[in-house]
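Asker:
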Amino acid sequence: MNGILIVDKPNNYTSRDIVNIVSKELKTKKVGHTGTLDPMATGVLVLCIGEATKLVELLTSSSKEYIAGITLGIETDTLDEEGIIIKYDKKDISDTDIITAVNSMKGSYNQEVPNYSAVKINGKKLYEYAREGIDITLPKREVEISSIEIISNIEHDEYIKFQIKTKVSKGTYIRSLVKDIAYKLNTVGIMSSLRRIKQGRFDISEAYKLDDIQKGNYKIITIEEALKDMYTVDLDEDLYIKVSNGVKLPNTYNQNIVVFKYNNKVKAIYKDDNNILRVYKMFKD
118 MNGILIVDKP
128 NNYTSRDIVN
138 IVSKELKTKK
148 VGHTGTLDPM
158 ATGVLVLCIG
168 EATKLVELLT
178 SSSKEYIAGI
188 TLGIETDTLD
198 EEGIIIKYDK
208 KDISDTDIIT
218 AVNSMKGSYN
228 QEVPNYSAVK
238 INGKKLYEYA
248 REGIDITLPK
258 REVEISSIEI
268 ISNIEHDEYI
278 KFQIKTKVSK
288 GTYIRSLVKD
298 IAYKLNTVGI
308 MSSLRRIKQG
318 RFDISEAYKL
328 DDIQKGNYKI
338 ITIEEALKDM
348 YTVDLDEDLY
358 IKVSNGVKLP
368 NTYNQNIVVF
378 KYNNKVKAIY
388 KDDNNILRVY
398 KMFKD
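The working numbering puts the first residue of the sequence shown at 118, with every later residue one more than the last.
Written out as structure tokens, the structure reads:
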């Protein structure tokens with residue numbers, strides 16, 4: 118079995134848990150996911166199966182879209198509601214100021230990686246330092262917030278609560294985005310919920326619940342369908358022989374990535390290297 122399966126991950130499951138469940142149901146060990154979701158998060162988890170596991174790296178690099186709950190006035194060590202409370206800062210903030218702060222996050226900026234993350238420093242994961250109580254300078258990375266908006270009423274109760282919808286680049290931490298919004302308002306905040314509704318071209322409307330998968334009620338997206346939005350070239354016999362043998366090609370297509378198909382099946386994916394196309398992934402006939 119080769120292709121893509123979109124799962125609507127429930128909360129309290131790790132991404133690895135979902136891979137293990139699907140692997141058992143489909144009776145194959147060749148299952149990989151294209152972007153970790155924290156246990157508290159729900160939504161789109163893209164699984165690659167069989168030959169499609171060669172697409173994991175490619176699909177992981179795509180943009181993602183989320184709906185996130187924000188609670189202002191409280192901070193935890195993990196920047197979400199599952200952590201230990203380390204600070205309170207209850208204050209009255211106007212809706213106008215909140216909207217302005219949220220909207221100001223659109224664009225590129227250097228985001229600090231949260232201390233409870235799997236990013237490695239000197240061969241050790243950040244969450245390992247955090248659990249041992251070791252202070253370490255957190256790395257920053259440039260991220261792109263393509264769109265962001267408030268999609269709920271702003272509730273002013275014990276804490277200020279609202280929801281945002283945002284589209285972000287690979288490597289963006291929504292927990293850190295929430296922290297940065299709070300800091301712009303001179304307060305603290307946590308991510309109280311998270312749901313991924315889209316990754317690349319894969320939408321939550323295409324996702325299956327675990328119950329559906331366990332009952333056999335699901336559809337596998339073919340490799341060809343998964344790559345349909347990428348630049349594609351149909352191979353003639355001469356070019357097929359060259360591609361089959363992994364021959365470098367001049368990039369006459371002026372594309373960074375080129376998908377080559379033969380008899381309506383993806384044969385290879387090539388990547389540009391100084392205007393030369395080199396093999397990135399090869400697929401079995």
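Where a beta carbon is used, it is the ideal one built from N, C-alpha and C, also for glycine. Predicted model only: the values in this text are computed from it and were never measured.
Answer with buried or exposed for Lys278, where buried requires no fewer than 16 other C-beta atoms within 10 angstroms of its C-beta.
Answerer: By the 10 Å Cβ count, Lys278 comes out buried.
Asker: Please name the residue or residues paired with Thr159 in a DSSP beta bridge.
Answerer: Thr159 is bridged to Arg312.
Asker: Compare the C-alpha of Lys360 against each of Leu176, Asn129, Arg395 and Thr304 and name the closest.
Answerer: What sits at residue 360 in the sequence shown is Val, not Lys. Looking at the Cα atoms, Arg395 is the closest of the given residues.
Asker: I believe Ala218 touches Met308 by the beta-carbon criterion, under 8 Å. Please report the beta-carbon distance rounded to the nearest angstrom.
Answerer: Not quite, the Cβ-Cβ distance comes to about 15 Å (not below 8 Å), so this is no contact.
Asker: How do the region 181 to 198 and the region 371 to 383 stand: do at least 3 beta-carbon pairs fall below 8 Å, yes or no?
Answerer: Touching, no.
Asker: Out of curiosity, what's the CA-to-CA distance linking Ile238 and Gly250?
Answerer: Rounded to the nearest angstrom, the two C-alpha atoms are 15 Å apart.
Asker: In angstroms, rounded to a whole number, what distance separates the CA positions of Tyr183 and Ile358?
Answerer: When rounded, the distance between both Cα atoms is 43 Å.
Asker: Pop quiz: Glu341 and Val285 are said to be a contact at Cβ under 8 Å. What is the actual Cβ separation, rounded to whole angstroms?
Answerer: About 28 Å separates the two Cβ atoms, so there is no contact after all.
Asker: Identify the continuous beta strand (DSSP E) that holds Thr304 and give its terminal residues.
Answerer: Run containing Thr304: none; DSSP gives neither H nor E here.
Asker: Does the beta-carbon of Lys378, which I'm using as the reference point, lie nearer than 7 Å to any heavy atom of the ligand ADP?
Answerer: No copy of the ligand ADP occurs in the structure displayed, which carries no ligand at all.
Asker: Please report the straight-line C-alpha distance between Gln280 and Ala247, rounded to a whole angstrom.
Answerer: So the two alpha carbons sit approximately 28 Å from each other.
Asker: Restricting to Cα atoms, I'd like to know which of Ile215, Leu122 and Leu327 is closest to Ile187.
Answerer: Comparing Cα-Cα distances from Ile187 to each of Ile215, Leu122 and Leu327, the minimum goes to Ile215.
Asker: Would you say the region 341 to 357 touches the region 136 to 151, given that touching needs at least three Cβ pairs under 8 Å?
Answerer: No: the two stretches stay apart, fewer than three of their Cβ pairs being nearer than 8 Å.
Asker: Within 10 angstroms of the Cβ of Thr369, are there 16 or more other Cβ atoms? Answer buried if so, exposed if not.
Answerer: Burial call: exposed.
Asker: Quick check: the Cα distance between Asp212 and Asn270, rounded to an integer number of angstroms?
Answerer: For Asp212 and Asn270, the distance between alpha carbons rounds to 9 Å.
Asker: How far does the alpha helix (DSSP H) with Ile358 in it reach, from first residue to last?
Answerer: Start and end: Glu354 to Ser361.
Asker: Using three-state DSSP, classify Arg395 as helix, strand or coil.
Answerer: Here Arg395 sits in strand by DSSP.
Asker: Does the Cβ-Cβ distance between Asn227 and Glu259 come in under 8 Å?
Answerer: Yes.
Asker: For a test of the three-state rule: what should DSSP assign to Asp274, helix, strand or coil?
Answerer: DSSP places Asp274 in coil when its eight states are reduced to three.
Asker: With which residues is Pro367 paired in a DSSP beta bridge?
Answerer: For Pro367, which the question treats as bridged, DSSP gives the partners Ile393.
Asker: Suppose you measure from the CA of Asn334 to the CA of Asn391; what does that come to, to the nearest Å?
Answerer: In a straight line, the C-alpha of Asn334 is about 46 Å away from that of Asn391.
Asker: May I have the straight-line CA-CA distance separating Tyr130 from Pro156, to the nearest angstrom?
Answerer: Cα to Cα, the separation comes out at about 5 Å.
Asker: Can you find the residues in the same chain that come closer than 8 Å, C-beta to C-beta, to Leu82, ignoring five residues on each side of it along the sequence?
Answerer: Examination of residue 82 is not possible in this model, given that the chain is present from 118 through 402 alone.
Asker: Quick one: complete beta strand (DSSP E) runs, 3+ long, within the region 313 to 347?
Answerer: With a minimum length of 3 residues, no continuous beta strand (DSSP E) run stays inside the region 313 to 347.
Asker: When DSSP labels each residue in this structure, what does Ser286 get in the three-state scheme?
Answerer: Ser286: coil per DSSP, three-state reduction.
Asker: Exposed or buried, Ala324, counting other C-beta atoms within 10 Å across all chains shown (16 or more means buried)?
Answerer: Buried, because 16 or more other Cβ atoms sit within 10 Å of the Cβ of Ala324.
Asker: Looking at the structure shown, is Leu196 part of a helix, part of a strand, or coil, going by DSSP?
Answerer: If DSSP states are grouped into helix, strand and coil, Leu196 belongs with coil.
Asker: For a quick check, are the C-beta atoms of Glu261 and Ser225 less than 8 Å apart?
Answerer: A contact, by the Cβ cut-off of 8 Å.
Asker: Can you give, in chain order, each stretch of the beta strand (DSSP E) that sits fully within the region 217 to 268 and has at least 3 residues?
Answerer: You should have 224 to 229 and 257 to 267.
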